[in-house]
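Enquirer: Quick one: the structure is below, and I'll ask about it shortly.
In the UniProt record's numbering, the protein residues as written are 1 to 325.
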């Protein structure tokens, strides 16, 4: 079978691998779609938030079909369409699927079914590969109390996590403003249902205040991790507002006016991943019918994965690149 392997940092290759077997408590998955994530580029560059080693197969934003079931597995059948969580536990340790253990960028792989969630028929394969990042955006909104139709939410950063955070807030009924410097991302934000998409080159804080009658946003989701976005985060929020920090900024220090937290009496929550929200996020997507596919700008076959990763480096050209097996 074909597999994408990072043999060493900065060395992605397509290889032929033997078909995996399964144990009594495992299922065999045939991959259908896999999204390329910014974290995959961190892995390719030789760094990640937990220890990693090479060679490794990436791929943690995936959708697949069960094609074989171990004798000891109950509640799962051949033909079930499934998605799987990224942070998983084995008897030995906690793993990040596609980072500290091989992931889904291969035609077939075996997994513990405890890591899986069944897909409803109303969510097709393409949309399903966005469930993993959507759970992160969904959690980022819920982490600070959720939102509703009475509120305005500002999403600072229009990459994948910012856009799925916007989709979650839109699905909850909020008015959503997305701030991002890239025109294509702003266009997609509007297609998802954002009320406004703001170019920070034109003074993002002034625009947000104008759009909110001078008050600021009820909830701000910082989804970029870039210095300029982080510096504006507390400026976007209204008095007694809430801030959810999901964008990753590790190892850098930036000037931020932290006094705004006290002056505005802000509630600030950090979040990472999507612990405990997968079933709710899947039901949310099914019942709201939110179409996340505008985020998926390019699709490649698994054989073209190296070229797909090269294209994905250019944020001005694409948002989410998806592989099909």
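We put the CB at the ideal spot given by N, CA and C, even for glycine.
From a predicted model like this one, the values you see are computed outputs, not experimental measurements.
Is residue 36 closer than 8 Å to residue 266 when the C-beta atoms are compared?
Expert: Not in contact: residue 266 and residue 36 (Cβ atoms no closer than 8 Å).
Enquirer: Okay, do the stretch 1-8 and the stretch 64-72 touch, 3+ Cβ pairs below 8 Å being the bar?
Expert: Judged by Cβ distances under 8 Å, the stretch 1-8 makes no contact with the stretch 64-72, as fewer than three pairs qualify.
Enquirer: Could you name the residues that DSSP lists as bridge partners for residue 317?
Expert: Beta-bridge pairing links residue 317 to no other residue.
Enquirer: Excluding the five sequence neighbours on either side, which residues of its own chain have a C-beta within less than 8 Å of the C-beta of residue 106, listed in chain order?
Expert: So the qualifying residues of the chain are 1, 2, 3, 4, 17, 31, 57, 59, 302, 325.
Enquirer: Name the DSSP bridge partner or partners of residue 128?
Expert: Residue 128 pairs with nothing; no bridge assigned.
Enquirer: Take the Cβ of residue 200 as the centre, count every other Cβ of all protein chains shown within 10 Å, and call the residue buried at 16 or more, exposed below.
Expert: Counting Cβ neighbours within 10 Å, residue 200 comes out buried, since at least 16 surround it.
Enquirer: I need the boundaries of the alpha helix (DSSP H) containing residue 43, first residue and last residue.
Expert: Start and end: 38-44.
Enquirer: Which residues mark the beginning and the end of the beta strand (DSSP E) in which residue 242 is found?
Expert: Here the beta strand (DSSP E) through residue 242 covers 237-245.
Enquirer: Assuming contact is defined by CB atoms lying nearer than 8 Å, are residue 319 and residue 184 in contact in what I supplied?
Expert: Yes, they are a contact pair.
Enquirer: Going by DSSP, name the residue or residues bridged to residue 195.
Expert: DSSP lists no partner for residue 195.
Enquirer: If contacts are defined as beta-carbon pairs under 8 Å, then residue 190 and residue 164 qualify, I think. What distance do you get, rounded to the angstrom?
Expert: Actually they do not touch by this definition, with Cβ atoms about 15 Å apart.
Enquirer: By a C-beta neighbour count over all protein chains shown, 10 Å radius and 16 as the cutoff for buried, is residue 232 buried or exposed?
Expert: Classification for residue 232: buried.
Enquirer: Per DSSP, residue 62 is paired with what?
Expert: The partner list for residue 62 (beta bridge, DSSP) reads 34.
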